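Chemist: A single structure is presented below for examination.
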Amino acid sequence: MNHCYLFIGPSGSGKTSLAERAFSPEQKIISYTTRAPRQGEIHGRDYFFISKKEFETMIKQEQFAEYDCYDQQFYGIAKATLRKALAAGDCYDPITTTGFLNLQRIFGDQMVPIWIHISKETIINRLKKRATAEELARRTAIFQADQENLACLRKFPNLIEIDGETSLDDMLAQLRQALN
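Here it is, written out as structure tokens:
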């Protein structure tokens with residue numbers, strides 16, 4: 006059975022960096038989002054960047070396997086995209102806890118949650134490098150809610166927990182050990 010590894014954790018925890026090191030680019034689920042691209046992100050490679058109106062149309066047409074609102078922006082995975090990826094092999098995506106729960110209801114144990122533990126201080130230091138002061142304040146306010154989601158995820162026996170306070174190489178080693 007093929008699996009979709011879903012990386013979950015606060016913004017700035019390193020979930021995307023870890024996922025990209027652990028898997029090939031071809032294995033990434035390309036999600037849809039209404040947020041603006043960050044520097045270096047490319048439409049169709051990192052996300053499908055669409056308007057809120059386009060996103061709402063896709064919701065009405067029931068095209069999403071899951072969608073969620075995070076930090077005032079929508080994110081979603083199209084049903085067709087996920088089915089195609091799982092048919093081809095293992096896949097991955099950074100996602101919210103709500104997104105994982107929605108996918109898990111549909112796809113069951115094929116969905117593997119990977120939680121990245123990180124302190125608020127580390128989050129602030131990492132986000133200072135890429136966020137405006139306003140964005141930093143907003144994302145640190147979300148941090149506590151993100152932490153509360155971990156209790157919900159611990160109900161799933163296939164949860165993998167990673168220490169995000171370590172280097173990316175150490176995080177990758179932790180992940181590889183958990184997968185073997």
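Per my numbering, residue 6 is the first one in the sequence shown, and the count goes up by one each step.
Note that CB positions come from ideal geometry on N, CA and C, so glycine has one too.
Quantities reported herein were computed from a predicted structural model and do not represent experimental measurements.
1. Quick one: residues in its chain with C-beta nearer than 6 angstroms to the C-beta of residue 112, no 5 flanking neighbours on either side, listed in chain order?
2. Do you know whose CA, among 174, 124 and 177, lies nearest residue 16's CA?
3. What separation, rounded to the nearest whole angstrom, lies between the Cα atoms of residue 6 and residue 35?
4. Taking the alpha-carbon positions, what's the residue 157 to residue 14 distance?
5. Are the CB atoms of residue 102 and residue 185 within a distance shorter than 8 angstroms?
6. On the DSSP bridge assignment, give the partners of residue 81 in chain order.
7. Report the residue ranges of all alpha helix (DSSP H) runs contained in full by the segment 91 to 151; include only those spanning at least 4 residues, in chain order.
8. If distances are taken between C-alpha atoms only, which option among 151, 122 and 139 comes closest to residue 180?
9. On the DSSP letters alone, give me the boundaries of the beta strand (DSSP E) that residue 2 sits inside.
10. Tell me where the beta strand (DSSP E) around residue 60 begins and ends.
11. Can you give me the start and stop residues for the alpha helix (DSSP H) that residue 174 sits inside?
12. I'd like to know whether the C-beta atoms of residue 83 and residue 66 end up nearer to each other than 8 angstroms.
Modeler: So, from the listed chains and residues:
1. Taking the first residue of the sequence shown as position 1, residue 112 is located at position 107. Nothing listed; no residue qualifies.
2. Counting from 1 along the sequence shown, the entry for residue 16 is found at position 11. Of 174, 124 and 177, the residue nearest in Cα terms is 124.
3. Counting from one through the sequence shown, the residue named residue 6 turns up at place 1. Counting from one through the sequence shown, the residue named residue 35 turns up at place 30. Whole-angstrom Cα-Cα distance: 21 angstroms.
4. Residue 157 sits at position 152 when you count from the first residue of the sequence shown. Residue 14 sits at position 9 when you count from the first residue of the sequence shown. When rounded, the distance between both Cα atoms is 13 angstroms.
5. Reading the sequence shown from its first residue, position 180 is the one you call residue 185. Reading the sequence shown from its first residue, position 97 is the one you call residue 102. Not closer than 8 angstroms, so no.
6. As a working note, residue 81 is residue 76 in the sequence shown. Its beta-bridge partners are 37 and 72.
7. 102 to 112 and 125 to 133
8. As a working mapping, residue 180 is identified with position 175 in the sequence shown. For residue 180, the nearest C-alpha among the options comes from 122.
9. Past the boundaries of the shown model lies residue 2; the chain is included only from 6 to 185, so the question cannot be answered.
10. Position 55 of the sequence shown, counting from 1, holds the residue named residue 60. Per DSSP, residue 60 belongs to no beta strand (DSSP E); it is in the alpha helix (DSSP H), 57 to 65.
11. Position 169 of the sequence shown, counted from the start, is the residue given in the question as residue 174. Its alpha helix (DSSP H) spans residues 173 to 184.
12. For this step, residue 83 is matched to residue 78 along the sequence shown. For this step, residue 66 is matched to residue 61 along the sequence shown. Cβ atoms of residue 83 and residue 66: not closer than 8 angstroms.
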